[in-house]
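These protein sequence lines map, in sequence, to chains A and B. Heads up: the first sequence is residues 1 to 889, going by the numbering used here. Heads up: the second sequence is residues 890 to 1028, going by the numbering used here.
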Amino acid sequence: MLVKKLIVILFIVFVSSAKAQTTVNGQIIDDFGDQINNASVLIKDSEDHILQFGFTNSQGQYDIQIENEGEFVVEVNKIGFVKGVKALTVTRDKKQYSLDFILQEQSEELRELVIEIDNPIQLRGDTLVYDAKVFATGREQVVEDLLKNIPGITVEKDGKIKFEDTYIEKVMVGGDDLFNRGYAILTKNMPNKPLDKVEILRNYSNNKLLKGVEESGRVALNLTIDDEYQNIWFGDISVNYGLVTENRYDVTGNLMNFSNKYKNFLNVGMNNVGIDRIGSLNSMFYNNYEIETVGQSKSLYPLMSLSGGRAYQLKDHRTRINNAENISLSSIVPLSEKLKVKLTGFLGFDENYAYNYRFSATEIGDTYFENTENTDFKSHVKSGYINLLATYDVSKTQMLQASSIYNFGNSDNNNNLTFNNISTLERLETRNTFTDHKLTYTHKWNERNVVLFKTRYFSNDIPQNYAINDYLMGDLFAFDAERMQNDAKNSQSFFGTEADFKLRQKSGDLIEFQVGYAHEKQNINTKFSLFDSNNTAFLPEDFQSNSHFGLHDLYAKSGYMWQIRKVKLGVNAEAHQLFNRFDSGDSEKTQNYFYLNPSVNFKWDITPTQNFSAFYNLRFQNTNFTQVNDSYLLSSSRSFHRGLGEFKLTDSQMANLNYSIRHFLNRYSFSLGLDYSTQSNVLSNRNTIEQNSSLSESIFIKGGEAYGLNFRGNYYWRAIKSNLKLESRYSLSTSFNEVNNSGLRENQYATQFYSFDWRTRFKFPLNFHIGTEWTFSKVKSPDFSNSYTNGFSYLDLFYTVGENLDIKAVTEHYYFGSLEKNQRNHLFLDVEATYKFDNDKYTVSLRGNNLFNKQNFTTYAVSDIGYSQTSYRLMPRYVLIGFKSRFNF
Amino acid sequence: MINEKKLIDGIECYKATASFRGRNWEAWYTPSIPYSAGPMKFHGLPGLIIEISDETKRYNYVATKVERIKYSIYQEQLDKFKNISYNQEQTLMEFVKEKDEAKENMFAAMNNSREVQIISQPSRLRNNIESIYEWEENK
């Protein structure tokens, strides 16, 4: 019925207004007198325009009405026959004409036709190519506007781009990437006019030779530029300045240039409103993931750290009191057809401040004491890096990539520490230099098989100098010290090489295996000295280190996945042969271990909406060098830590079960998970804690267990256009340690977590998101137990008028049940309003932070030896007025 | 039908325009292949539709090859279609309503974390080939 209706509609649409006046009919037959059905009959005028048409019925008859009078041509077409043409003169007097045709059979049949047309969308394998000009309506200004017109692409408010259901990896220009996941800087600023094509690369691989071999659900975008726009410069600038409050600012600028040859990107920023664009000194060498390599998990940490401490419960910008500047520049230069070089440089400066007060109570057996600590902390960080990446296409199936990084940085931390009313000044200077060289050769020796040879060498040096103008550790040392000093140096080098095979089977299964060798070396040198009033130095034995470590690791890894109907079963295994060596001057130890780490995972799609999955692994781990070092290392003004003095293998087993009901078309989703882990051999600590000092040493003991249960439910209630979410978690864990000759003691931690939230999706301008979260914790040790309740609630209001005006107000409330009554509740309010005009070219904004001007934030924490309460100074209230504009020339 | 002609790869084609479910379409058909067929739901012209696209060029159909298939192959293909069974009968209106609801559900579930900002949705929820149905016109 509906189909019929459809056909009728279509006919009415195409056969425009047939006001019948004159009728032409007739019959069409072939040479043998057989009737020809479904032949087309066209009525054309003398200029070859089609006026009317019809088809013959099963008897070969047709009947067509003509509106006008005059000279016409009747044309009959049928595949396999020669076209029939007859002239027809229609006069006013005659209302009925009859024209019969006898069609000659055509010896030549319809040839095969191949038609080539420029289609605005082309599909080449996994790549979809869109013609940018066709999708532009003329109103677009930047790339992002154009992307919004492309089917399948969604652009989110913050610039994140999705193709169908997947967030894209990166946006490249002419096949080159300068931004990684920070691509919004490009898409929000680059004018769309120079664009020629937009390519969507599905099943994208960073290494182009792995395309089609490795499992990849990733999507990337590539933009190509018209030849006539050889050289365009564009970017944006954003200036925010404090209105009523003290001098606050946030300034950023981006400048880019793309030509078919060179590509450049410059970014500068400075702020003192708590935004971190520099990162910490420790994390600075994790900025290159562009080539497949080895040893990613190896990193070196400073032996000592001095930090002001920040409340992690709060958003970063509330607790970071800073003054930062940064600049970065990236360039891509093709040196020849086959060789391309990318150069990136970064320089950052940061000043951080912290003002905290901490009270702690410790209770171990008969010992009970209280300490107070006041910090007035300031740090200066400088860091920078230069990264050179070269890609050489040896041939269509072979590629060589090389990357070199030079990282450098230093931090100078000063702290006015007041410990139990004793005022001191401590200072820690840290330098960090890191050089890294990687070489990866990829060979795709046939359509489905690839091998990668990866080699890497890096070295890292972290020298540190610590000094404090007082001595706080009571009677730990039998020396009348007035000040103390610690010079430490931690250095590491790594060499690794690996062959990585990826073999895609005819059945579609993927077999991967790697064999490799890694060699690591680490040296720890420390000189810990105490000075008395005459400046006489005292160097306590057991508190100095001069240790050398070496590790050779021969390994093989492999995995396979079976798929049987709705069940997937994957098995992975890693085998390692380790040769450990440790030399601390007076003793030398070598220890060799062999171990196998297996893991199994199982997935069952019971129905399209119900999934069950299970996972198990057994994992052995070698102790790291700092855990082995057998002399005490100073870790803060009042504490030391010492390693085990030998290598050990620790182990852990983990299993989890998960059941979920979820389908993207459903209004509800639900998941239930169960976790269990156990450790039979583990490293723990033996602590000797006194009021003024703490000595801890690693011990190798039996491990504990942990259970976890989690539930998540989500429901979209259409009647009130609201999304409701409920979450709960429960966990229970036990672990062992030793404190002050207690012998092995068992500690139990239990946590319950509940959260509920409600988010609206009303069609009118005002929407809200309200939620609350509660955590109930309990800690139990042999002679100590404590429990507490923490809560967090929020109300986010969104007010959007059209495309231009956006207002967002965020209210957050924190509750700490164990604090004194007047300290339990903390309330925050932030408001942000933005107004965009001239097609988003300009944005004016008003940002108010911490409007209740909350000065301090107090938290409460419990451990197995007591509890502590810390008060942090916060970023005070500020209001910023901002202006942002993009430009191009 | 519009009296405009063009050659597509040597084939003489005539132009026709239509408006269908919220979009305006432009079709090029050739009387030299006298079958009143075309892609999607388009048909009824005195010749095969070689090219058809909507005015935004978001949807484009183009014939790339015309091949004469022997009757037996055609019959074989047809038999395959016959085998598809279904277990639910519903009107187009019911189907469209269900599909719209599913889309709304999906969008709601996607946007349920506090960090994700709701993005302004285009006023027309359905942004695909058929965007306005007959029963929704003139509303």
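Glycine included, each C-beta is placed from N, C-alpha and C at the ideal position.
The distance from the Cβ of Lys44 (chain A) to that of Glu71 (chain A) is about 10 Å, inconsistent with a contact at the 8 Å cut-off. When secondary structure is reduced to three states using DSSP, Gly713 (chain A) falls in the strand class. Under the three-state reduction of DSSP output, Gln59 (chain A) falls in the coil class, being neither helix nor strand.
Taking a C-beta distance under 9 Å as the contact criterion, Thr424 (chain A) and Met304 (chain A) do not qualify as a contact pair.
From the beta-carbon of Asn77 (chain A), the residues of chain B found nearer than 9 Å are Pro920, Ser921, Ile922, Pro923, Pro935, Gly936. Under the DSSP definition of a beta bridge, Met172 (chain A) partners with A:Asn222. When DSSP assignments are scanned along the segment 81-112 of chain A, the uninterrupted stretches of beta strand (DSSP E) that are 3 or more residues long and fall wholly within it turn out to be 84-90, 96-98, 101-103. Chain-ordered, the chain A residues with CB closer than 9 Å to the CB of Arg1003 (chain B) read Asp757, Arg759, His769, Gly771, Tyr794, Asp796. At a C-beta separation below 7 Å, Ala39 (chain A) has these neighbours in chain B: Pro923. For Glu325 (chain A) and Met270 (chain A), the gap between their C-alpha atoms comes out near 4 Å. Counting only residues of its own chain and dropping the five nearest sequence neighbours on each side, Pro334 (chain A) has a CB closer than 7 Å to the CB of Lys261, Lys340. At the C-beta level, Lys170 (chain A) and Phe179 (chain A) come within 9 Å of one another.
Inter-residue distance for Tyr355 (chain A) and Lys378 (chain A) is about 9 Å (C-alpha atoms, whole angstroms).
In this structure, Ala488 (chain A) lies away from Thr870 (chain A), with their beta-carbon atoms at least 9 Å apart. Contact of Asn839 (chain A) with chain B by beta-carbon distance below 8 Å is absent, the smallest such distance being about 15 Å. Interface with chain A (9 Å Cβ-Cβ cutoff): Glu990 (chain B) is included. Look at Asn149 (chain A): its C-beta is under 9 Å from a C-beta on chain B. At a beta-carbon threshold of 9 Å, the residues of chain B lying near Phe55 (chain A) are Pro923, Ser925, Pro935, ordered along the chain.
According to the DSSP assignment, Ala132 (chain A) belongs to the alpha helix (DSSP H) that extends over 132-135.
In this structure, Asp226 (chain A) places its C-beta atom within 9 Å of the C-beta atom of Leu195 (chain A).
Separation of the CB atoms of Leu255 (chain A) and Gly235 (chain A) is rounded to 4 Å, and the pair is thereby assigned contact status at 8 Å.
In this structure, DSSP gives Phe625 (chain A) a helical state, which the three-state scheme calls helix.
Here the segment 899-912 of chain B makes no contact with the segment 354-370 of chain A; the two share fewer than three CB pairs at distances below 8 Å.
Secondary structure note for Asp48 (chain A): it is in no alpha helix (DSSP H), with a DSSP letter that is neither H nor E.
Contact check between the segment 482-501 of chain A and the segment 595-613 of chain A: fewer than three CB pairs, one atom from each, fall below 8 Å, which does not count as touching. Between the segment 701-717 of chain A and the segment 728-746 of chain A, the count of Cβ pairs shorter than 8 Å is three or higher; the stretches touch. Contact between the segment 408-427 of chain A and the segment 451-464 of chain A is absent: fewer than 3 CB-CB pairs across the two stretches fall below 8 Å. At least one C-beta of chain A is nearer than 9 Å to the C-beta of Asn994 (chain B). Taken through DSSP and simplified to helix, strand or coil, Lys208 (chain A) comes out as helix. One alpha carbon belongs to Thr319 (chain A), the other to Asp583 (chain A), and they sit about 43 Å apart.
Arg318 (chain A) sits in a helix when the DSSP states are folded into three classes. Close to Val134 (chain A), with beta-carbon spacing below 7 Å, are these residues of chain B in chain order: Lys946. DSSP links Glu646 (chain A) through a beta bridge to no other residue. Closest by C-alpha distance to Tyr1022 (chain B), out of B:Asp989, B:Asn994, B:Glu993, is B:Asp989. Under a 10 Å Cβ-count criterion, Pro920 (chain B) is classified as buried, with 16 or more other Cβ atoms of the shown protein chains found around its own Cβ.
Between Asn976 (chain B) and chain A, the shortest Cβ-Cβ separation is not below 9 Å.
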